[in-house]
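Let me begin by presenting the structure, written as structure tokens, before commenting on it.
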Amino acid sequence: MSSYRYCDGIRRRDLLQIGALSALGLTLPDWLRMRAAEAADLSSASPSSPSRGGAGRGVACILLWMNGGPSHIDTFDPKPEAPQEIRGEFGVIPTKLKGVYLSEYLPRLAQQMDKFSILRSVTSPDGSHETATHYLLTGYPGNPAVSYPSYGSVVARERGYKNALPPYALMGGYPFGYGGAGYMGAVYNPFNVGGDPASKSFSVKDVTPPAGVDLARIDRRRAMLTALDTFQRSVETEPRAIRTMDQFYERAYNLVTSPIAKKAFNLEEELPKLRDEYGRNTFGQSCLLARRLVEAGVRFVTINQGGWDTHEQNFTSLKKSRLPQLDQGYAALLSDLHARGMLDHTLVIWMGEFGRTPKVNSAAGRDHWPYAMCVCMGGGGVKTGIVVGETNERAENPKERPIRVEDVAATIYQALGIDYRKEYDSPQNRPLKINYDGEPVHELL
947 MSSYRYCDGI RRRDLLQIGA LSALGLTLPD WLRMRAAEAA DLSSASPSSP
997 SRGGAGRGVA CILLWMNGGP SHIDTFDPKP EAPQEIRGEF GVIPTKLKGV
1047 YLSEYLPRLA QQMDKFSILR SVTSPDGSHE TATHYLLTGY PGNPAVSYPS
1097 YGSVVARERG YKNALPPYAL MGGYPFGYGG AGYMGAVYNP FNVGGDPASK
1147 SFSVKDVTPP AGVDLARIDR RRAMLTALDT FQRSVETEPR AIRTMDQFYE
1197 RAYNLVTSPI AKKAFNLEEE LPKLRDEYGR NTFGQSCLLA RRLVEAGVRF
1247 VTINQGGWDT HEQNFTSLKK SRLPQLDQGY AALLSDLHAR GMLDHTLVIW
1297 MGEFGRTPKV NSAAGRDHWP YAMCVCMGGG GVKTGIVVGE TNERAENPKE
1347 RPIRVEDVAA TIYQALGIDY RKEYDSPQNR PLKINYDGEP VHELL
């Protein structure tokens, strides 16, 4: 068979391969992205040798990402004694921890304070959405020359696949374009779930074959592609590229034909009462789906919830939608994980790219404020029911125990049993640490 290329550089055989992959829900853009990752070191996708913090190697992670930057004052660091223009419109409520208060719109989480801890003195110099998002999701300051891998992508590289399920899943899309594998290559990017889990018609395209394509037909296409692959091996001299595509194809096939994957993504298996407890909205059902994915073998799940960039009408926006949904979904997730005996080996993180201005602006909003923010962590072996650090009386800066973003990253890696001092080689063969220079927050570990 000829291996002619079209003007765009794609061979006829490539088009046949794309056609076979599309039956598995993989389209031409997906395929081209995979080809771009041919140089990635796929052997690293399997579990590596034990590293520092090995006790956490079985720990999964669910990251609740509040895209846009949530107000620390109106959530987990209220200042009831501050002037009106600082404390805002919300009151406070006591929690299970004596002397610790949360926003009045987080009543369920106030009763779950024994299941998570709050870092109240996280600080950053970066108030730009894009670079701050990169910073918080990687532990590296924004750098136009290098995009660093997110926590989920590092976990994907270190832990690999389990039960045919991808190691890293993303719901809600990439926050400001970040959350992927960066310089490590697309092979470690997240599986983008897509769709709205709260919708009655929700389905995952890469787990559900297209209409009219049953498994028997997929098997026939797979057999045809296997024959083409075998022939190409005898006439082409690209063993690395072929090996890479073989692994992508095998993973795609395993995902679409896996009963475990189908079961994990099927929210209809859950009792209606439990679905109600999470909240019949996108965030609540995403939290429930995240629990199901972790239960089935996914190692890292990011839920990207937008709507936190509240420059105008901050209090109206928060009390009408964001805070009630957060309170219900986050609290139900913690309670459900605990009831199932999963919380000890599932780290749940809540954070966004920065906090918001202590002083309310003229539009009843709060603007970007990176100098003080909150990060919450619970489960996965970290200590719970404690508050680390404190901001000043106006919530402007850390009053004690400042915690850098790099320290948050090191804490996450330590909890997950990954050596935060580990180095990977960049495409230019430069050694790069997976964490810039952080140290774990010892109070949590």
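Position 23 of the sequence shown, counted from 1, bears residue number 969 in the working numbering, the numbering being contiguous throughout.
No residue lacks a Cβ here, since even glycine has one placed at the ideal position from N, Cα and C.
Contact belief for residue i with residue j at Cβ below 8 Å, rounded distance in angstroms
i	j	result
Gly1128	Pro1095	4 Å
Glu1258	Ala1210	The pair is not a contact, with the Cβ atoms about 39 Å apart (cut-off 8 Å).
Val1038	Pro1024	5 Å
Gly1322	Phe1036	For the sequence presented, residue 1322 should be read as Cys rather than Gly. Not confirmed; about 18 Å, so no contact.
Gln1231	Pro1143	4 Å
Gly1014	Gly1252	6 Å
Ile1358	Tyr1051	With 8 Å as the limit, Ile1358 and Tyr1051 do not qualify as a contact, their Cβ atoms being about 27 Å apart.
Residue i vs residue j beta-carbon contact at 8 Å
i	j	result
Asn1343	Ser1017	no
Lys1368	Ile1380	yes
Trp1254	Met1012	yes
Leu1390	Val1351	no
Pro1113	Arg1245	yes
Gly1019	Pro1316	Contrary to the premise, residue 1019 reads as Ile rather than Gly in this sequence. Not in contact: Ile1019 and Pro1316 (Cβ atoms no closer than 8 Å).
Ile1364	Val1068	no
Thr1256	Arg1312	yes
Gly1324	Ala1361	no
Ala1056	Thr1079	no
Phe1229	Ser1070	no
Ala1355	Glu1385	no
Gly1119	Asn1307	no
Val1247	Ala1115	yes
For residue i, the three-state DSSP class (helix, strand or coil)
i	result
Ala1207	helix
Ser1281	helix
Phe1148	coil
Leu967	Confidence is the limiting factor: at Leu967 the pLDDT is only 47, short of 50, which leaves the residue's position unreliable, though a coordinate-based value still follows. Here Leu967 sits in helix by DSSP.
Ser1096	coil
Phe1137	strand
Ala1127	coil
Pro1026	coil
Ile1380	coil
Glu1385	coil
Ala1102	helix
Leu1010	strand
Ile1039	strand
Tyr1051	coil
Tyr1276	helix
Leu1116	strand
Leu1111	strand
Leu1390	helix
Met980	With a pLDDT of 47 at Met980, under the threshold of 50, the predicted position of this residue should be treated as unreliable, and no value is reported.
Problem - Those runs of the alpha helix (DSSP H) which lie wholly inside the segment 1053 to 1094 and span at least 4 residues - result: 1053 to 1056, 1075 to 1084
Exercise for the section: Could you pull out every unbroken alpha helix (DSSP H) segment of at least 4 residues lying fully inside the segment 1286 to 1374, listed in chain order? Expected result: Listed in chain order, the complete alpha helix (DSSP H) runs (minimum 4 residues) inside the segment 1286 to 1374 are 1351 to 1361.
Practice task
Note down, one range per segment and in chain order, each beta strand (DSSP E) of at least 3 residues found wholly within the segment 1199 to 1266.
Solution key: 1246 to 1251
Exercise for the section: Indicate whether the contact test is met: 3 or more Cβ pairs, each with one atom in the segment 1125 to 1145 and one in the segment 1254 to 1273, closer than 8 Å. Expected result: no
Practice task
Check whether the segment 1274 to 1282 touches the segment 1232 to 1239, counting contact only when three or more Cβ pairs, one atom from each stretch, lie closer than 8 Å.
Solution key: Cβ pair count under 8 Å is three or more, so yes.
Exercise for the section: Would you be able to state if there are at least three C-beta pairs under 8 Å between the segment 1100 to 1113 and the segment 1320 to 1334? Expected result: no
Handout entry: Contact the segment 1285 to 1294 vs the segment 1073 to 1084: 3+ CB pairs below 8 Å
Key = No contact exists between the segment 1285 to 1294 and the segment 1073 to 1084.
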